[in-house]
Amino acid sequence: MPRNNDRTREHQNLAASTVFKARISKGFIDAAFGDGFLVEVWDFRTQRLVHGERFKELEKARRRLQEIKNDIDSMNLERFQQVYVSRHPRG
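Numbering-wise, our numbering comes out as the position in the sequence shown, counting from 1, plus 48.
This is the structure:
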């Protein structure tokens, strides 16, 4: 059984792109927000949505999608999870 230190080392060596994908979806977000665009981050191993951000304007959603994709390509798995998957607000 792997120890926590082994898992941490494994996450430091894995690229975030081995686990996560980002995309934009369009449609009805909720009653308060109405129609818009959702930038989504998916864990494709578990087929779960792990992060989402709402936008009214497509251009803003596209810019944010590109930022997230750049982070997926440049961050290791542990850092990406800290930034995007953590349940604690970023500050």
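Note that CB positions come from ideal geometry on N, CA and C, so glycine has one too.
In this text the structure is predicted, and so the values were computed from the model without any measurement.
Counting only runs that start and end within the segment 100 to 134, where is the beta strand (DSSP E) found for 3 or more residues in a row?
none
Please confirm whether A70 and L125 have their CB atoms less than 8 Å apart.
Position 22 of the sequence shown, counting from 1, holds the residue named residue 70. Position 77 of the sequence shown, counting from 1, holds the residue named residue 125. No, the pair does not count as a contact, with Cβ atoms beyond the cut-off.
Quick one: using the 10 Å Cβ neighbour count with 16 as the cut-off for buried, is I120 buried or exposed?
Within the sequence shown, numbered from 1, the residue matching residue 120 stands at position 72. It counts as buried.
Taking V87 as part of the beta strand (DSSP E), name the residues at either end of that continuous run.
By one-based count along the sequence shown, residue 87 stands at place 39. That run of the beta strand (DSSP E) goes G82 to D91.
Along the beta strand (DSSP E) that carries S73, what are the first and last residues, could you check?
Taking the sequence shown and counting its residues from 1, one reaches residue 73 at position 25. First-last of the beta strand (DSSP E) with S73: F68 to D78.
For V131 versus V98, is the C-beta distance shorter than 8 Å?
Position 83 of the sequence shown, counted from the first residue, corresponds to residue 131. Position 50 of the sequence shown, counted from the first residue, corresponds to residue 98. Result no, Cβ atoms of V131 and V98 do not sit closer than 8 Å.
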